[in-house]
Amino acid sequence: MPMSTETSNPNSLTLISYKQASQVLEAAVRLAQEHGTALSFVVVDSAGHLVAAARMDGTPFVTMEVARGKAFACVATGGQSGRALRQRYVDHPMVWGNISSLGYGAPLLPAIGSLPIWMNGTLIGAIGTSGGAAEIEEETLTKAIESIGGAVTL
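Numbering-wise (our numbering), the sequence shown opens with residue 374 and increments by one.
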C-alpha cells in the first residue's frame with residue numbers, strides 16, 4: 374500500500390502561543406484603561422489550558438475565575454462566543470445548569486464576555502473577561518483580538 378503524502382492531521386490542535394496571548398492581553402488592558410474600567414482577562418488555548426492572564430488593579434479577585442470559565446466554555450464548545458452560549462443557556466437552562474460544573478480545571482460559564490480567537494480559519498484559543506459591563510467587555514475583546522490579526526465571531 375502506498376504511503377500517504379498528506380501532511381495535515383485532522384486530530385491535531387493549533388494552540389495560541391504565549392507571545393500571541395500576551396499581546397492580546399496587553400491590548401485588552403490598554404483598551405479597558407481607555408474605557409476607564411478595571412477588568413480581569415484570561416487567555417486559554419484551544420484545548421482549554423490557561424496560557425496567560427491579567428487582573429487589573431481594583432478588580433475583585435473572583436473575576437479571574439469567572440473570566441477563565443467564560444474562556445473555557447468558548448473553546449469547549451468549538452469556538453462559540455459568550456453571546457451565543459448565553460442564548461443557549463436561556464434556551465436550555467436545565468442542560469447548561471447541569472454541565473456548567475463539568476469543566477476540566479475551570480467551570481463552563483456561558484456568558485457574554487468571551488470570544489474565540491481564530492487565526493486563518495483555525496481556532497487557536499479564547500479570551501474571557503470579567504468585571505465590567507457586557508458591552509464594554511465584548512468591545513474590548515473584539516478589538517484586542519483584531520489587534521493581533523485574529524478574527525472574531527460573535
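Built from N, CA and C at the ideal position, the CB exists for glycine as well.
- When only Cα atoms are considered, residue 448 and residue 491 end up about 11 Å apart.
- In the DSSP annotation of this structure, the continuous segment of the alpha helix (DSSP H) that includes residue 436 starts and ends at 435-449.
- By the Cβ rule, the segment 405-420 counts as touching the segment 509-518, because three or more pairs are nearer than 8 Å.
- Excluding its 5 nearest sequence neighbours in each direction, residue 514 has C-beta neighbours in its own chain below 7 Å: 401, 488, 500 and 502, listed in chain order.
- Proximity of the segment 388-401 to the segment 418-427 meets the contact definition, three or more beta-carbon pairs being nearer than 8 Å.
- In the three-state scheme derived from DSSP, where H, G and I count as helix and E and B as strand, residue 413 is classed as strand.
- Distances from the alpha-carbon of residue 495 to those of 436, 525, 446 and 517 put 525 closest.
- Excluding five sequence positions before and after residue 436, the CB atoms of its chain that fall closer than 6 Å to its own CB belong to 413, 503 and 504, given in chain order.
- In the three-state reduction of the DSSP assignment, residue 463 falls in the helix class.
- Cβ atoms of residue 388 and residue 430 stay farther apart than 8 Å, at about 30 Å.
- Residue 485 places its beta carbon less than 7 Å from that of residue 459.
- Here DSSP, grouped into helix, strand and coil, assigns residue 424 to strand.
- Beta-bridge partners of residue 394 (DSSP): none assigned.
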